[in-house]
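Heads up: the structure comes next, in structure tokens.
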Amino acid sequence: MKNVLILSEGFGAGHTQTANAIAKGLKQSNSNIQTHVLELGSSLHPFLAPVILKLYKQTVFSHPKLYGKLYQTQNKRVTKRAAQLALHKIFYTEAYELIQKYNPEKIICTHPFPTMVISRLKRLGLDIPLITVITDYNLHQAWLTKECDTYFISNSEMKDKMIQNGIPASKIVVSGIPVDPDFMTSYSKQTIRKNFNLEKMPTVLVMGGGWGVLNYEDLLNELLFWKEKIQIIICLGNNEKALNELSSNSLFQHPNIKLQGFTKNINQLMEVSDLLITKPGGVTSTEAIAKQLPMLFFNPIPGQEEENCKFFVKNNLGMRINTFDQLNERLSQLITNKIKNSEFIASKYEYNANQCMDQINHCVQQKVV
């Protein structure tokens, strides 16, 4: 039995989502693989981690411009080294004990923090291959360490930047971002509509990530004008407060408006939708690409979302909406059946979800020399 430890972190749901997708894909491809998925900070410091996460969320959504500046500042190597030193002093001893407990043959990281910690341990003598899966479409310096043995990344442009930053090409695999194997499966649309109480009509899926639709109030109010002609599914993730507020709002109590809390069936909702309105998070957007679902990007947060958005728009994977006139034009096209998926299929970007998981599985299966 091959033992694989997959480490993530809770700063945005996408990192852990990717970790779980990898674990599921590995298990399906080989029953002799045993996986353990952990959010490293939460596992080592269960009381401190929620406090840090709360502060992070407040900064992201209450002060997005400040977050964007921090993102750019942290993209400089001198800041990265200082941050690494402070974090390692707090975490690396406990992390080493955790690794000894699970005794993995390989470690996979889907967030830069565990990548930095494991890299530090490797410099101190840890002899376990480290695989890093970058979950965005633009390179950030925080992901890069000399000790990482293999990188799986989303696109060739990122590979060029990594090589310029001293990462050997032999360590880099352009695979795309792995998604849950369920996104590679087609389902009966009729059955999905029945299970979710949906009608067969033009359908828009609204998502804001695992933290739910935040800072979307103006957008949702604009969508209300279309509720007689378009079915609107609003996914609120784990944001129970927003779910309760919208559920009690008479404006959203309409047969064509569906409020959806946390669900593991986003793949099915994407299957029956004609258009996705979302923030350009790396994982949600990749899931939509796997489903060939056209995307409109609304209000990206400065930092990785802004950079992701630039990549998606440049490669015809979606459209950024800066005004509600642009939104309404697209919704009008949706009703008249003038939005075609072919408009949004990448001209320069190729993604095969099955091939991506196969490449990761092959790397995991390779014997340690």
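In this note's numbering, the protein residues as written are 41 to 409.
A virtual CB, placed ideally from N, CA and C, is assigned to each residue, including glycine.
Since this is a predicted model, take the numbers as computed values, not measurements.
Note down, in chain order, each residue of its chain lying with its Cβ closer than 7 Å to the Cβ of residue i, except the 5 sequence neighbours on either side.
i: Val214; result: Ile193, Asn195, Ser196 and Lys199
i: Phe292; result: Leu286 and Leu299
Residue j and residue i - do their beta-carbons sit closer together than 7 Å?
i: Cys188; j: Thr172; result: yes
i: Ile168; j: Ile148; result: no
i: Met202; j: Ile217; result: no
i: Pro320; j: Gln68; result: no
i: Asn305; j: Phe223; result: no
i: Thr75; j: Ala61; result: no
i: Glu311; j: Tyr227; result: yes
i: Val353; j: Thr58; result: no
i: Ile273; j: Lys240; result: no
i: Ala330; j: Ala393; result: yes
i: Pro208; j: Asn43; result: no
i: Tyr132; j: Leu161; result: yes
i: Tyr389; j: Asn348; result: no
i: Pro154; j: Leu66; result: no
i: Thr150; j: His55; result: yes
State the DSSP-derived secondary structure class of residue i, mapped to helix, strand or coil.
i: Cys149; result: strand
i: Lys298; result: strand
i: Lys224; result: Residue identity check: residue 224 is Met in the sequence provided, not Lys. Three-state DSSP puts Met224 in a helix.
i: Ser372; result: helix
i: Ile306; result: helix
i: Val100; result: Unreliable placement is indicated for Val100, whose pLDDT of 48 sits below 50; the coordinate value is still reported in the next sentence. Helix at Val100.
i: Cys275; result: strand
i: Tyr177; result: coil
i: Tyr132; result: helix
i: Leu161; result: helix
i: Met241; result: coil
i: Val77; result: strand
i: Thr185; result: coil
i: Ile207; result: coil
i: Tyr256; result: coil
i: Ile193; result: strand
i: Ile232; result: helix
i: Leu170; result: strand
In terms of residues, what are the limits of the alpha helix (DSSP H) holding residue i?
i: Ile62; result: Ala53 to Ser69
i: Cys396; result: Ala393 to Gln405
i: Ile203; result: Ser196 to Gln204
i: Phe292; result: No alpha helix (DSSP H) contains Phe292, which DSSP labels as neither H nor E.
i: Val353; result: Gln344 to Lys354
Only counting the same chain, and skipping five residues up and downstream in sequence, which positions put a Cβ closer than 8 Å to that of residue i?
i: Gly252; result: Model confidence at Gly252 stands at a pLDDT of 49, short of 50, so the residue's coordinates are unreliable and nothing is read from them.
i: Gln204; result: none
i: Glu262; result: Phe364, Leu367 and Asn368
i: Thr303; result: Cys275 and Leu309
i: Arg370; result: Leu315, Leu336, Met359, Ile361 and Ile379
Starting from residue i, trace the beta strand (DSSP E) both ways and give me its first and last residue.
i: Leu47; result: Lys42 to Ser48
i: Glu327; result: Run containing Glu327: none in the beta strand (DSSP E); it sits in the alpha helix (DSSP H), Gly322 to Ala330.
i: Phe265; result: Counting along the chain, Phe265 falls outside any beta strand (DSSP E), and DSSP gives it neither H nor E.
i: Thr318; result: Leu315 to Thr318
i: Ile361; result: Met359 to Ile361
i: Ile212; result: Ile212 to Val214
i: Leu336; result: Met335 to Phe338
Enumerate in chain order the residues of its own chain whose CB-to-CB distance from residue i is below 6 Å, with the five nearest sequence positions on each side excluded.
i: Phe265; result: none
i: Cys396; result: Ser215, Gly216 and Pro218
i: Ile270; result: Pro242 and Val244
i: Gln159; result: The question names Gln, but residue 159 in the sequence shown is Ser. Cβ neighbours of Ser159 beyond the five flanking positions: Thr185 and Glu187.
Quiz item: Do three or more CB pairs link the stretch 279-292 to the stretch 138-147 at distances below 8 Å?
Solution: no
Quiz item: Just checking, does the stretch 309-317 make contact with the stretch 326-343 on the three C-beta pairs under 8 Å criterion?
Solution: yes
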